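Okay, so here's the structure we're looking at.
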Amino acid sequence: MKKFLFTTFIFSVVILAFCSCNQKENIYEEEFEQAVFYELFPAILDSLHYDKRLMPPAPPPSSFVNSNGIRIEYDSINYKQVMENWKIHKQKILKDTASVYLIVSDSIENIERNDLYKLKNHFDKQNITIETNDLKLKEGYRVDLKKLKAKDKKIKFKYRSEFPKGRDFWKNNYNIYIAASISFDHILFDKTKNFGVLNAGYTLGILSGNGVRIFIKKEANGKWVIDDIVGTWVS
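UniProt numbering applies: residue 1 is where the sequence shown begins, and numbers increase by one.
If you want it as structure tokens, here you go:
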């Protein structure tokens with residue numbers, strides 16, 4: 001009986017120690033991923049964000065010959081005036097100190113299985129290894145807006161949950177200028193935690209946006225950088 005109790009006790013201690021180690025490892029993984037995400041965020045945002053108000057007018061159409069054989073030319077004088085008006089408009093926006101808001105998905109929850117193959121192929125020369133356990137459903141974490149930094153000091157952030165759901169979000173008028181809505185997936189790392197990949201979406205309106213796959217790596221100095229960005233979808 002005593003031997004049985006002693007064996008049970010030892011077994012329980014081993015199980016508790018194993019669970020404790022797994023819990024600590026999971027906490028480390030979460031903290032590591034978040035640290036990398038917040039470090040890279042300014043560079044990621046800089047590559048995704050553009051103010052659609054600053055986009056120049058479309059170039060004039062080429063001349064063409066109509067069905068009557070008459071060549072139709074675009075009014076170049078009119079286009080020059082359009083461009084001059086746009087330049088004035090652009091300068092006003094650049095000088096404007098009003099905040100530009102980006103709406104951020106509250107949490108980071110998803111991870112794409114296809115990223116495993118994309119990550120291995122992108123860094124094929126490094127012969128990286130990826131733990132398949134990393135593809136299992138991870139717990140999501142809430143994005144801390146206070147940790148999101150932007151190179152453009154006019155940019156501010158708000159949670160997506162503060163606004164109407166679905167398309168109604170874009171159908172409302174707000175007392176702030178909303179440039180876009182952005183979302184991110186979990187970062188998938190290789191076994192050495194020196195290479196990774198994540199997906200991001202940048203939406204300007206209904207059926208107006210794009211998605212990208214972002215490959216990242218750690219430099220010799222310990223800093224994380226973007227290695228490449230590849231488009232994944234357009235709407």
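Just so you know, even glycine gets a beta-carbon here, dropped at the ideal spot from N, CA and C.
In this text the structure is predicted, and so the values were computed from the model without any measurement.
Asked: Beta-carbon proximity check, Gly-201 vs Trp-170, cutoff 8 Å; Found: no
Asked: Span of the beta strand (DSSP E) around Ser-181; Found: 177-184
Asked: Anticipated Cβ contact below 8 Å, Lys-223 with Phe-195, distance rounded; Found: Actually they are not in contact, since the Cβ atoms of Lys-223 and Phe-195 sit about 14 Å apart, beyond 8 Å.
Asked: Closest by C-alpha distance to Ala-150, when choosing among Leu-94, Tyr-28, Glu-39; Found: Glu-39
Asked: Start and end residues, beta strand (DSSP E) containing Ile-214; Found: 208-218
Asked: Phe-169, enclosing alpha helix (DSSP H) - first and last residue; Found: 168-171
Asked: Selected residue, minimal CA-CA separation from Ser-62, among Met-55, Leu-54, Pro-56, Arg-71; Found: Arg-71
Asked: Inter-residue CB distance, Val-100 and Phe-157 (contact presumed, cutoff 8 Å); Found: Rounded, the Cβ-Cβ distance is 10 Å, inconsistent with contact.
Asked: Beta-carbon gap between Ser-235 and Leu-207 smaller than 8 Å; Found: yes
Asked: Spatial neighbours of Thr-203 in its chain, beta-carbon cut-off 7 Å, leaving aside the 5 residues before and after; Found: Ala-180, Ser-181, Gly-209
Asked: Beta-carbon separation (whole angstroms), Pro-57 vs Met-83, contact threshold 8 Å; Found: 7 Å
Asked: Boundaries of the beta strand (DSSP E) in which Leu-204 is found, first to last residue; Found: 195-205
Asked: Distance between Leu-54 and Val-225 (C-alpha atoms, nearest Å); Found: 27 Å
Asked: Pairwise C-alpha distance: Leu-119 and Asn-127; Found: 11 Å
Asked: Leu-188 - partner residues in DSSP beta bridges; Found: Val-197
Asked: Reduced DSSP category for Lys-90 - H, G, I as helix; E, B as strand; rest coil; Found: helix
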